[in-house]
Structure formats: structure tokens, C-alpha cells
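*Asks:* Number 193 marks the last residue of the sequence shown (this note's numbering); no jumps.
Glycine included, C-beta positions come from ideal geometry on N, C-alpha and C.
Mind having a look at this structure? Questions to follow.
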Amino acid sequence: MNHPGETLTFSAIAQADIETFEKQKEKIVTAVTDHLFRCTALSDALSDPEHARIARECVKIFTENFLTTVKYQLPEALLDYVAWLRGFLASRSFPPSFIPHLIAGMRNAVHAFLEEGRSDDICAALRTLRLGELQRISEVRA
């Protein structure tokens, strides 16, 4: 589910941007992980060692899935993965805000580690994905 009027698409993302993302992948994973562990909204959940381990693995796997789905222009596959991840995390009592925080951390990292201009289209896709997750959370609460 995306933000009203917005559909997740990767068509604007250039191959050179994908290659740059791939080269910076380890730095992005580290930055996203750091972001999650500094996030006060997640501090209670991530203080549990098992939740912390799962969170670290989620960052690695989400990053790989994001990169692969962007590379092969498969936004629906990413949405399917996020839906599965949402259920997986819910079954382990993660806060619903975990995925939006994960996506926000990735947007920040992409802006930090990709050259100016290389990050914009990737971050636009991440923004759409995050807004869809936030909308879903607000609809569930309503």
C-alpha cells in the first residue's frame, strides 16, 4: 500500500546510481543499523538481545532485497517482501514503526554515501515505500 496518488516505481533510477549504491552497500548497512539503535522509539525493543540480532539481520536482508529489486525493476517483489517482513516482525513483537524507521535510516544513509544527484531517485523510491508503511500503520490504528 502506497501513499495516495503514489506508486512505487524504480524506473527513474539509473544503472550508475544502482552501481554506486552497490559499492557503498556495507557503509549503508552500518549507517542504517546505527540509526535503528539510536532511535528512541525502538530502544525498548532493541534492548532485548534477540530483537537486536533480528534487527541487524533485517537491515542486511532488506538492503539486499532493495538492491536486487531495484536492479531488476521489481517493485512488486519489494512490496511482497516488506509485507512478509511486517508479519515476521509482528510475530516477534517488534513495534510497527520498525520498518518505517529502517527505511528512513536507509534514505539518510543513501543521501550520505552516494554523490549528490546519485541519491535522489533512490531516495524518492524509499520515500514512497516509507509513506506507504506509515499510511498502513495509521489505518491499522484507526
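Tell me which residues share the same chain as His162 and place their Cβ nearer than 7 Å to its Cβ, disregarding the 5 neighbours each side in the sequence.
*Replies:* So the list reads Ser170, Cys174, once near-sequence residues are dropped.
*Asks:* Give me the Cβ distance between Gln75 and Leu165, rounded to the nearest whole Å; I'm assuming they're in contact under 8 Å.
*Replies:* Confirmed, about 6 Å.
*Asks:* Are the beta-carbon atoms belonging to Ala160 and Ile79 less than 8 Å from one another?
*Replies:* In this structure, Ile79 lies closer than 8 Å to Ala160 by Cβ.
*Asks:* Around the C-beta of Glu184, are 16 or more other C-beta atoms found within 10 angstroms, so that it is buried, or is it exposed?
*Replies:* Counting Cβ neighbours within 10 Å, Glu184 comes out buried, since at least 16 surround it.
*Asks:* I'd like to check one pair, Thr71 with Val110: are the Cβ atoms closer than 8 Å?
*Replies:* Their beta carbons are not under 8 Å apart, which means Val110 does not touch Thr71 by this criterion.
*Asks:* With Ala103 as the anchor, note down where its alpha helix (DSSP H) starts and where it stops.
*Replies:* Counting along the chain, the alpha helix (DSSP H) containing Ala103 begins and ends at 100-122.
*Asks:* Mind checking which residues open and close the alpha helix (DSSP H) that includes Arg143?
*Replies:* Looking at the DSSP string, Arg143 is not in any alpha helix (DSSP H), and its letter there is neither H nor E.
*Asks:* What residues in its chain sit with their C-beta under 7 Å from that of Glu73, if we drop five residues either side in the sequence?
*Replies:* Leu118, listed in sequence order.
*Asks:* Give the secondary structure of Ala82 by DSSP, where H, G and I count as helix, E and B as strand, and everything else as coil.
*Replies:* Three-state DSSP puts Ala82 in a helix.
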